[in-house]
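Following: one structure in structure tokens, then a few remarks.
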Amino acid sequence: MTEILTRAVKEAVIIVIIVVIVAMVVNRARDEGIPLIADAETFRVQTNAEFLVAGDARAYFDDGSGIFLDAREERLFAAEHIEGALNVPSTGGGVDEMAYMVPADPVLICYSAESTEREAGVIADKLLELGFTRVYVLHGGLEAWKAEGLPTVKESE
Amino acid sequence: MSDFRSVAEKVFSNKYVVFAARLILGVVFIYASLEKIQNPEGFAQAIYNYRMVPESLINIMAILLPWLELICGILVIVGVFVRGSALLIGAMLAVFIVALSSALLRGLDISCGCFTLEGGRGIAGKTLVEDILLMICVAIALLHGGKVFSFKKGLN
Numbered sequence: 239m240t241e242i243l244t245r246a247v248k249e250a251v252i253i254v255i256i257v258v259i260v261a262m263v264v265n266r267a268r269d270e271g272i273p274l275i276a277d278a279e280t281f282r283v284q285t286n287a288e289f290l291v292a293g294d295a296r297a298y299f300d301d302g303s304g305i306f307l308d309a310r311e312e313r314l315f316a317a318e319h320i321e322g323a324l325n326v327p328s329t330g331g332g333v334d335e336m337a338y339m340v341p342a343d344p345v346l347i348c349y350s351a352e353s354t355e356r357e358a359g360v361i362a363d364k365l366l367e368l369g370f371t372r373v374y375v376l377h378g379g380l381e382a383w384k385a386e387g388l389p390t391v392k393e394s395e
Numbered sequence: 003m004s005d006f007r008s009v010a011e012k013v014f015s016n017k018y019v020v021f022a023a024r025l026i027l028g029v030v031f032i033y034a035s036l037e038k039i040q041n042p043e044g045f046a047q048a049i050y051n052y053r054m055v056p057e058s059l060i061n062i063m064a065i066l067l068p069w070l071e072l073i074c075g076i077l078v079i080v081g082v083f084v085r086g087s088a089l090l091i092g093a094m095l096a097v098f099i100v101a102l103s104s105a106l107l108r109g110l111d112i113s114c115g116c117f118t119l120e121g122g123r124g125i126a127g128k129t130l131v132e133d134i135l136l137m138i139c140v141a142i143a144l145l146h147g148g149k150v151f152s153f154k155k156g157l158n
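Protein chains in written order, with the working numbering: chain H, 239 to 395; chain A, 3 to 158.
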């Protein structure tokens, strides 16, 4: 048994060395390569829009004065979304189309999932560029909304 | 009882069973590596979402881990360095199991980053069960190595 393990460990070390070389070389060479150490802002949501916590967003939901925009892909939107929300995937051109459909400068609350909050930041920035001024990103995304016990619509309903 | 044990030993050392275990591990790990290799940035974000790895190590992990998955996956199928690959796959699975359980326990609603990075399936107990089944394949491959269907054997 020890013999097996010793051999396995030796082989593993060789494999790891090969992997490190291959991975580093490929990462260096390709366009999609990333820096070895990410700068501090990489994983934060980058947006010029203001954040809104679920509790505050609720006020706009209750009196119907805010429009909720779901930045996630269609499939995830279909599975569950905030009641009354419109689906504007961050990867599509939906933001421009939507801009024609809404009344002048409404309150727009963009959200996605907590882990993909950057998507909400992406559409929020597009909306700001289009001239909307009351654009917010729902902090913590759909999860934060649900944590407050606020209503969503699920696929089966 | 000893009958059961000898039957189990026979089954797990059967060359087809051993090869099937290697094939399963290889296919799963190669498949899992592909999208991550294509999109290191997305994978880095998926790692970040687990909130377990210090930020300074996230990118290095996002660069190395997919290649480790791919190369171990290939080696375990072709039968070269099977034991070493199985050991590394086992170590990766152990890390995944810890990360997934901790995310489940903390109630993180994040995508698992297991096979696909965008959306994909969330973390569920099911993923954990799959990881544990793969662990059994690791044990088989580790014990019996590349005795059969091995390129190395052909070379020797």
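In this text, a Cβ means the ideal position worked out from N, Cα and C, and glycines have one as well.
Quantities reported herein were computed from a predicted structural model and do not represent experimental measurements.
Residue from the options whose Cα sits closest to the Cα of residue i
{"i": "residue 294 (chain H)", "options": "H:359, H:239, H:347", "result": "H:347"}
{"i": "residue 357 (chain H)", "options": "H:369, H:284, H:305, H:291", "result": "H:284"}
{"i": "residue 95 (chain A)", "options": "A:136, A:24, A:46", "result": "A:136"}
{"i": "residue 97 (chain A)", "options": "A:147, A:85, A:134, A:83", "result": "A:134"}
{"i": "residue 324 (chain H)", "options": "H:273, H:307, H:387", "result": "H:307"}
{"i": "residue 71 (chain A)", "options": "A:90, A:61, A:10", "result": "A:90"}
{"i": "residue 343 (chain H)", "options": "H:393, H:309, H:372, H:298", "result": "H:372"}
{"i": "residue 382 (chain H)", "options": "H:340, H:350, H:292", "result": "H:292"}
{"i": "residue 43 (chain A)", "options": "H:275, H:287, H:270", "result": "H:270"}
{"i": "residue 263 (chain H)", "options": "A:144, A:77, A:152, A:66", "result": "A:66"}
{"i": "residue 331 (chain H)", "options": "H:256, H:360, H:305", "result": "H:360"}
{"i": "residue 380 (chain H)", "options": "H:363, H:258, H:268, H:314", "result": "H:314"}
{"i": "residue 287 (chain H)", "options": "H:391, H:384, H:387, H:364", "result": "H:364"}
{"i": "residue 106 (chain A)", "options": "A:54, A:13, A:83", "result": "A:54"}
{"i": "residue 36 (chain A)", "options": "A:101, A:83, A:140, A:75", "result": "A:75"}
{"i": "residue 386 (chain H)", "options": "H:393, H:250, H:376", "result": "H:376"}
{"i": "residue 52 (chain A)", "options": "H:353, H:392, H:310, H:273", "result": "H:353"}
{"i": "residue 327 (chain H)", "options": "H:350, H:268, H:282", "result": "H:350"}
Host alpha helix (DSSP H) of residue i (start-end)
{"i": "residue 1 (chain A)", "result": "Outside the displayed span of chain A (3 to 158) sits residue 1 (chain A), for which this structure offers no information."}
{"i": "residue 332 (chain H)", "result": "332 to 339"}
{"i": "residue 361 (chain H)", "result": "355 to 367"}
{"i": "residue 387 (chain H)", "result": "Careful: residue 387 (chain H) lies outside any alpha helix (DSSP H) and carries neither H nor E."}
{"i": "residue 150 (chain A)", "result": "From DSSP, residue 150 (chain A) is part of no alpha helix (DSSP H); its letter is neither H nor E."}
{"i": "residue 271 (chain H)", "result": "Run containing residue 271 (chain H): none; DSSP gives neither H nor E here."}
{"i": "residue 372 (chain H)", "result": "Taken as a continuous stretch (DSSP letters only), residue 372 (chain H) belongs to no alpha helix (DSSP H), as it is neither H nor E."}
{"i": "residue 96 (chain A)", "result": "84 to 107"}
Reduced DSSP category for residue i - H, G, I as helix; E, B as strand; rest coil
{"i": "residue 377 (chain H)", "result": "coil"}
{"i": "residue 289 (chain H)", "result": "strand"}
{"i": "residue 325 (chain H)", "result": "strand"}
{"i": "residue 248 (chain H)", "result": "helix"}
{"i": "residue 282 (chain H)", "result": "coil"}
{"i": "residue 53 (chain A)", "result": "coil"}
{"i": "residue 240 (chain H)", "result": "helix"}
{"i": "residue 312 (chain H)", "result": "helix"}
{"i": "residue 16 (chain A)", "result": "coil"}
{"i": "residue 255 (chain H)", "result": "helix"}
{"i": "residue 10 (chain A)", "result": "helix"}
{"i": "residue 5 (chain A)", "result": "helix"}
{"i": "residue 74 (chain A)", "result": "helix"}
{"i": "residue 28 (chain A)", "result": "helix"}
{"i": "residue 351 (chain H)", "result": "coil"}
{"i": "residue 44 (chain A)", "result": "helix"}
For residue i, the residue or residues it bridges with in DSSP
{"i": "residue 305 (chain H)", "result": "H:346"}
{"i": "residue 392 (chain H)", "result": "H:318"}
Problem set entry | Interface residues of the region 306 to 339 of chain H facing chain C [CB-CB below 8 Å] | Here chain C cannot be found, since the structure's protein chains are H and A.
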